[in-house]
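Here is the structure we will look at.
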Amino acid sequence: MNPRSFLRWDEGLTGPTLDIARIETSPLRVLAGPGTGKTFSMMRRVARLLQDGVEPNKILVCTFTRTAATDLKKSLTALGTAGAEDVSAYTIHSFSFSLLSRAAVMEITGRVPRPLLKFEERFMLEDLKNDQFGGIKDCGKRLKAFDSAWARLQTDDPGWPQDYVDLAFQRELISWLRFHNAILIGELVPEALDFIRNNPESPIIPMFEHVLVDEYQDLNRADQVLIDEIAHSSTLTVIGDENQSIYAFRFASPEVLTMFNQTHAGTHDEKLIDCRRCPKKIVEIANALISNNTNRANRPITPFPDNPNGEIYLFQWSSMYSEGEGLAEYIKRRVSAGDVEPGNILVLSPRRQFGYKIRNALNNLGVLAHSFFHEEELDAQEAQDAFALLELLAYPDDRVSLRCWCGFGSNSYNKSGWSRIREHCEISGDSPIMVLEKLTSGSIQIAYTGSIVERYRLLHSRLNYLNGLKGQSLVDALFPVDQNWTKSLRTLSATLGGDDFEPPNLLEHLRINITQPELPTDVNYVRVMSLHKSKGLTADMVVIVGCIDGLIPTLQDKIPLDEQNQVVEEQRRLFYVALTRSRKILVLSSFTTMARDLAFKLRAMVVKGVRTHAGTIASRFLKELGPSCPRAVSGRSFLREK
1 MNPRSFLRWD
11 EGLTGPTLDI
21 ARIETSPLRV
31 LAGPGTGKTF
41 SMMRRVARLL
51 QDGVEPNKIL
61 VCTFTRTAAT
71 DLKKSLTALG
81 TAGAEDVSAY
91 TIHSFSFSLL
101 SRAAVMEITG
111 RVPRPLLKFE
121 ERFMLEDLKN
131 DQFGGIKDCG
141 KRLKAFDSAW
151 ARLQTDDPGW
161 PQDYVDLAFQ
171 RELISWLRFH
181 NAILIGELVP
191 EALDFIRNNP
201 ESPIIPMFEH
211 VLVDEYQDLN
221 RADQVLIDEI
231 AHSSTLTVIG
241 DENQSIYAFR
251 FASPEVLTMF
261 NQTHAGTHDE
271 KLIDCRRCPK
281 KIVEIANALI
291 SNNTNRANRP
301 ITPFPDNPNG
311 EIYLFQWSSM
321 YSEGEGLAEY
331 IKRRVSAGDV
341 EPGNILVLSP
351 RRQFGYKIRN
361 ALNNLGVLAH
371 SFFHEEELDA
381 QEAQDAFALL
391 ELLAYPDDRV
401 SLRCWCGFGS
411 NSYNKSGWSR
421 IREHCEISGD
431 SPIMVLEKLT
441 SGSIQIAYTG
451 SIVERYRLLH
461 SRLNYLNGLK
471 GQSLVDALFP
481 VDQNWTKSLR
491 TLSATLGGDD
501 FEPPNLLEHL
511 RINITQPELP
521 TDVNYVRVMS
531 LHKSKGLTAD
541 MVVIVGCIDG
551 LIPTLQDKIP
561 LDEQNQVVEE
571 QRRLFYVALT
581 RSRKILVLSS
591 FTTMARDLAF
601 KLRAMVVKGV
611 RTHAGTIASR
621 FLKELGPSCP
631 RAVSGRSFLR
641 EK
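What follows is the structure, encoded as structure tokens:
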């Protein structure tokens with residue numbers, strides 16, 4: 001078994017709780033709108049428990065996302081209460097991995113803790129797709145259901161496939177992962193749940209007196225059941241907001257909170273509705289927007305009397321290019337005027353293409369900006385190629401990277417040839433490298449593997465060139481300084497420090513920072529990211545770009561009307577989250593034309609136009625913002641007049 005592990009699980013904090021003097025013994029549900037001080041209230045809850053004599057290691061604070069975990073960790077440290085630093089604080093996946101590691105489940109079951117990157121996952125799905133499971137999209141949906149322990153609905157009991165197709169998919173998926181010595185991050189929660197269910201007497205399972213869970217609406221059914229198993233003899237406190245439920249793609253839903261009291265007898269409710277963060281006008285438009293949802297929490301947030309009125313602007317531009325350039329100019333003017341610091345600006349984009357345009361435009365104007373999109377460092381094919389090469393340089397027997405390397409450059413990902421190599425391995429007991437060596441030498445022949453053999457020969461050549469390199473020389477050879485696609489990778493590499501690090505050190509450093517990035521809060525540059533990533537962040541100025549139908553909201557074709565309505569309602573919740581990140585200034589931006597090919601690729605809704613370009617439609621959400629929202633103005637005209 002491969003002893004290495006690129007899984008790093010930072011202990012995060014989470015837990016929801018109110019500023020209440022008594023210690024509740026019944027389940028406590030705290031319903032907290034955006035900016036209402038839930039983190040402060042939860043920390044007061046932890047402090048109260050500690051002051052009343054509860055041992056720190058008997059308190060578990062848990063969340064789903066690392067961003068929330070990092071913020072809560074800082075809050076716990078700043079408590080100043082004796083024992084606060086010793087409170088058990090984890091993300092859900094961190095807790096699961098820790099439990100499985102203590103129980104040696106990985107070693108016993110022969111699994112290797114080598115997680116897949118997003119581009120690597122695509123090769124797995126290519127290998128799995130067939131007439132029974134469907135194409136890439138269908139397999140991707142089944143993969144998400146597998147990650148949620150097949151509990152697609154809030155009423156499902158997680159742990160088992162729902163039908164024979166799900167069962168067959170799970171069998172083939174696990175077989176692929178075992179052969180390639182890999183795991184999925186999503187496996188951790190279901191595996192931990194299975195272990196706890198099947199080993200009730202195990203001394204490894206920790207016992208807590210109080211379990212606190214933050215952002216409860218982000219948990220899917222498997223996450224919830226795991227929490228219930230952990231807290232079966234504890235006092236459980238959950239905190240969340242149905243109106244901020246934005247993870248339907250992993251089967252989380254608003255019902256997570258609304259149905260909590262049905263499964264937890266004697267639930268006591270507390271509500272937080274006074275918004276300390278957002279200006280009065282932004283609170284008004286946020287309330288107006290979310291009131292259009294039928295499946296919502298009927299708890300409008302209320303601004304504190306001393307909150308400022310705030311500034312709201314709706315800009316429209318002639319094109320996607322004009323939007324990027326114009327918004328960059330607007331931001332530069334506000335920064336130059338001293339109205340806002342770059343580090344207090346968030347630019348939120350429904351697609352990374354828009355985010356990259358405004359990031360580049362800002363940097364060109366001398367306003368430092370960085371983007372934070374999921375695994376964006378590996379967007380380019382060249383970056384994926386170089387990363388697989390680094391992996392194989394560090395660990396020549398890494399089967400996932402070898403699979404990717406052999407499939408690069410082929411429209412079919414060389415699926416057929418690799419399938420035959422895998423079949424030969426399983427019959428002969430040879431490893432993939434042994435089979436490739438035999439194929440290269442001509443000692444064996446396997447049909448449809450000619451292009452794979454050529455790729456393997458190229459791999460040998462590249463590895464021979466890289467062997468012995470370390471430190472900056474290694475970085476320069478893998479990620480040449482004169483290539484645009486290497487900028488982010490070189491920046492991350494520079495944070496490793498020193499000039500004598502070996503390939504495994506560089507690989508682990510890059511993998512951790514690509515897959516589990518810390519979203520910085522104390523910075524001197526504009527942060528550009530998706531609307532989803534903004535969850536948990538705040539800024540003086542928030543700019544939401546690309547407010548056109550098909551992007552905001554993102555729409556899905558060929559699904560029943562009821563499902564379409566559910567998609568739009570979640571997208572409205574996502575927009576609500578984005579609006580309520582702002583402490584002072586909110587800018588909503590749209591444009592009127594875009595290239596047809598890009599519109600088709602991004603699934604934006606377009607109307608008639610010229611042959612190469614089409615007209616776009618401003619987001620339907622803009623007209624739902626109520627009378628407090630100003631009318632849209634031409635961005636170019638606004639800049640000229642100012």
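Going by the numbering used here, the sequence shown opens with residue 1, and the numbers climb by one from there. Built from N, CA and C at the ideal position, the CB exists for glycine as well.
The C-beta distance from residue 392 to residue 529 rounds to 31 Å, too long to fall under 8 Å, and the pair is not in contact. Given a length threshold of 4 residues, each whole run of the alpha helix (DSSP H) inside the region 521 to 590 is given here in chain order: 561 to 579.
Taking a contact as a CB-CB distance under 8 Å, the pair residue 418 and residue 452 counts as one, their CB atoms being some 7 Å apart.
Residue 592 sits in coil when the DSSP states are folded into three classes, being neither helix nor strand. Distance from the Cα of residue 398 is smallest, within the candidate group 365, 115, 63, for 115. Taken through DSSP and simplified to helix, strand or coil, residue 349 comes out as strand.
Under DSSP, the beta-bridge partners assigned to residue 271 are 31. Where residue 146 is concerned, the enclosing alpha helix (DSSP H) starts and stops at 136 to 147. Nearest in C-alpha terms to residue 548, of all of 619, 52, 82, is 619. Residue 167 and residue 79 have their C-alpha atoms spaced approximately 48 Å apart. According to the DSSP assignment, residue 62 belongs to the beta strand (DSSP E) that extends over 59 to 63.
Assignment of beta-bridge partners to residue 236 by DSSP yields 211.
When C-beta atoms of the region 83 to 98 are compared with those of the region 236 to 252, fewer than three pairs fall below 8 Å, so the two segments do not count as touching.
Judged by DSSP in its simplified three-state form, residue 501 adopts coil rather than helix or strand. DSSP places residue 314 in the uninterrupted beta strand (DSSP E) bounded by 311 to 317. Between residue 322 and residue 636, the CB-CB gap stays under 8 Å. A residue is called buried when at least 16 other Cβ atoms come within 10 angstroms of its Cβ; residue 513 meets this threshold and is buried. Taken through DSSP and simplified to helix, strand or coil, residue 174 comes out as helix. DSSP, reduced to helix, strand and coil, places residue 441 within a helical segment of the structure shown. Under a 10 Å Cβ-count criterion, residue 396 is classified as exposed, with fewer than 16 other Cβ atoms of the shown protein chains found around its own Cβ.
If the five residues before and after residue 133 are omitted, its C-beta is found closer than 6 Å to the C-beta atoms of 139, 169, all from its own chain and listed in chain order. The residue from 464, 296, 277, 314 with its alpha-carbon nearest to that of residue 304 is 277.
Where residue 330 is concerned, there is no enclosing beta strand (DSSP E), although the alpha helix (DSSP H) around it starts and stops at 320 to 336. Taking 8 Å as the upper bound for CB-CB distance, residue 431 and residue 268 are not in contact here, some 58 Å apart. Following the DSSP letters along the chain, one finds residue 109 inside the alpha helix (DSSP H) bounded by residues 105 to 109.
In the structure shown, the three-state DSSP call for residue 467 is coil. Residue pairing for residue 90: DSSP places it in a beta bridge opposite 62.
If you draw a 10 Å sphere on the C-beta of residue 279, you find 16 or more other C-beta atoms in it, and that means buried. In the DSSP assignment, residue 53 is bridged to no other residue. One Cα belongs to residue 105, the other to residue 42, and the distance between them is close to 33 Å. At the C-beta level, residue 65 and residue 215 come within 8 Å of one another. Between the beta-carbon of residue 196 and that of residue 229 there is about 5 Å, and that keeps the pair under the 8 Å contact cut. Boundaries of the alpha helix (DSSP H) harbouring residue 407: 399 to 407, taken from the DSSP string.
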